[in-house]
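Engineer: Protein chains in written order, with my numbering: chain G, 4 to 114; chain A, 474 to 588.
Note that CB positions come from ideal geometry on N, CA and C, so glycine has one too.
None of the values given here were measured: they were computed from a predicted structure.
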Amino acid sequence: GQQVMQIPQYQHVQEGEDFTTYCNSSTTLSNIQWYKQRPGGHPVFLIQLVKSGEVKKQKRLTFQFGEAKKNSSLHITATQTTDVGTYFCAGPNFGNEKLTFGTGTRLTIIP
Amino acid sequence: DGGITQSPKYLFRKEGQNVTLSCEQNLNHDAMYWYRQDPGQGLRLIYYSQIVNDFQKGDIAEGYSVSREKKESFPLTVTSAQKNPTAFYLCASSKRTSGRGETQYFGPGTRLLVL
Chain G
4 GQQVMQIPQY QHVQEGEDFT TYCNSSTTLS NIQWYKQRPG GHPVFLIQLV KSGEVKKQKR
64 LTFQFGEAKK NSSLHITATQ TTDVGTYFCA GPNFGNEKLT FGTGTRLTII P
Chain A
474 DGGITQSPKY LFRKEGQNVT LSCEQNLNHD AMYWYRQDPG QGLRLIYYSQ IVNDFQKGDI
534 AEGYSVSREK KESFPLTVTS AQKNPTAFYL CASSKRTSGR GETQYFGPGT RLLVL
């Protein structure tokens with residue numbers, strides 16, 4: 004079945020440093036979605052990318068969808084303590100509403 | 474105020490006991506989902522439903538059961554057959570379109586602990 008992997012699994016950064024997480028799917032995706040889960044909380048939708056090579060920005064966050072639509076990345080510039088949490092990518096299964104979630108990258112910030 | 478509610482926030486289960494987790498949404502979404510999350514892990518799909526009175530097994534359905542008698546409600550029962558039920562349970566919903574994976578909206582979750 005479809006697999007979605009993320010690297011790294013954990014990332015510890017000093018506040019102010021940049022952070023990147025990478026997402027790779029075993030199959031071509033019609034779209035890729037990103038979610039953030041704060042410690043003790045629930046996943047919250049951040050963004051959806053649909054087009055090959057698409058790049059979208061949300062303030063300090065930059066999301067990219069690969070040309071082959073099998074990989075994606077999330078880059079955070081100048082991390083802040085509010086960025087702490089686990090970031091998941093998710094891709095749809097063909098023909099139904101299911102999403103396959105990536106393994107997640109847990110970001111911790113050292114003040 | 475639109476959204477997804479889950480109750481209870483914390484639930485304790487004794488050995489051999491069935492427990493039911495509630496999930497209600499007022500977003501008028503057709504599809505609903507149940508996920509299990511273990512500490513430090515990702516989301517694993519238990520069951521999902523794309524329409525009332527219909528549901529499908531996810532990746533880890535053994536030891537769980539669901540019903541979808543109303544559009545807004547999708548309760549999950551953790552049966553005694555589930556030998557390791559301690560986990561964080563998340564309910565989600567999404568619009569149903571052409572099968573291209575709509576955005577999912579999550580409830581606050583229920584933490585289940587076995588005594």
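With 8 Å as the threshold, decide whether the Cβ of residue 68(G) is near any Cβ in chain A.
Structural biologist: No, its Cβ sits nowhere closer than 8 Å to a Cβ of chain A.
Engineer: Ordered along the chain, which non-local residues of its own chain (more than five positions away) have a Cβ less than 7 Å from that of residue 513(A)?
Structural biologist: There are no such residues.
Engineer: Rounded to whole angstroms, how far is the Cβ of residue 577(A) from the Cβ of residue 506(A), which I believe are closer than 8 Å?
Structural biologist: Confirmed, Cβ separation roughly 7 Å.
Engineer: To the nearest angstrom, report how far apart residue 83(G) and residue 38(G) are at their CA atoms.
Structural biologist: So the alpha carbons of these two residues sit roughly 18 Å apart.
Engineer: Using a beta-carbon distance below 8 Å, is residue 581(A) in contact with chain C?
Structural biologist: You won't find chain C in this structure, because its protein chains are G and A.
Engineer: Going along the chain, which residues of its own chain have a beta-carbon closer than 8 Å to the beta-carbon of residue 548(A), five neighbours each way excluded?
Structural biologist: Counting only Cβ-Cβ distances below 8 Å, and skipping sequence neighbours, we find 493, 494, 495, 496, 539 and 540.
Engineer: Contact criterion: CB-CB distance below 8 Å. Does residue 82(G) meet it with respect to chain A?
Structural biologist: No, because no Cβ of chain A sits closer than 8 Å to the Cβ of residue 82(G).
Engineer: When DSSP labels each residue in this structure, what does residue 21(G) get in the three-state scheme?
Structural biologist: Residue 21(G) falls in the coil class under three-state DSSP.
Engineer: At a Cβ threshold of 8 Å, is residue 521(A) touching chain G?
Structural biologist: Judged by the 8 Å Cβ criterion, residue 521(A) is in contact with chain G.
Engineer: Hey, is residue 484(A)'s beta-carbon within less than 8 Å of any beta-carbon in chain G?
Structural biologist: Residue 484(A) does not count as touching chain G.
Engineer: If you follow the beta strand (DSSP E) that residue 78(G) is part of, which residue opens it and which one closes it?
Structural biologist: Counting along the chain, the beta strand (DSSP E) containing residue 78(G) begins and ends at 74-79.
Engineer: Quick one, which of 91(G), 109(G) and 95(G) has its alpha-carbon nearest residue 26(G)'s?
Structural biologist: Selected option, being the one with the closest Cα: 91(G).
Engineer: Among 584(A), 587(A) and 563(A), which one has its Cα closest to the Cα of residue 45(G)?
Structural biologist: It is 563(A) whose Cα lies nearest to the Cα of residue 45(G).
Engineer: Roughly how far, in whole angstroms, is the beta-carbon of residue 5(G) from the beta-carbon of residue 28(G), given that I think they are within contact range, below 8 Å?
Structural biologist: Rounded, the Cβ-Cβ distance is 7 Å, consistent with contact.
Engineer: Using a beta-carbon distance below 8 Å, is residue 573(A) in contact with chain G?
Structural biologist: Answer yes: the Cβ-Cβ gap between residue 573(A) and chain G drops below 8 Å somewhere.
Engineer: Against chain A, does residue 45(G) count as a neighbour if the rule is that its beta carbon must be under 8 Å from one of theirs?
Structural biologist: So, interface residue.
Engineer: How would you call residue 582(A), buried or exposed, if buried means at least 16 neighbouring beta carbons within 10 angstroms?
Structural biologist: Buried, by the Cβ-count rule.
Engineer: Is there a C-beta anywhere in chain G that falls below 8 Å from the one on residue 498(A)?
Structural biologist: Chain G, which has no Cβ nearer than 8 Å to the Cβ of residue 498(A), makes this no.
Engineer: Rounding to the nearest angstrom, what Cα-Cα distance links residue 24(G) and residue 65(G) in this structure?
Structural biologist: The alpha-carbon atoms of residue 24(G) and residue 65(G) are separated by roughly 11 Å.
Engineer: Exposed or buried, what is residue 86(G) when buried is set at 16 or more other beta-carbons lying within 10 Å of its beta-carbon?
Structural biologist: So residue 86(G) ends up on the buried side.
Engineer: Spell out whether any CB of chain A is found under 8 Å from the CB atom of residue 33(G).
Structural biologist: Yes, its Cβ sits closer than 8 Å to a Cβ of chain A.
Engineer: Along the chain, where does the beta strand (DSSP E) that runs through residue 527(A) open and close?
Structural biologist: Counting along the chain, the beta strand (DSSP E) containing residue 527(A) begins and ends at 527-530.
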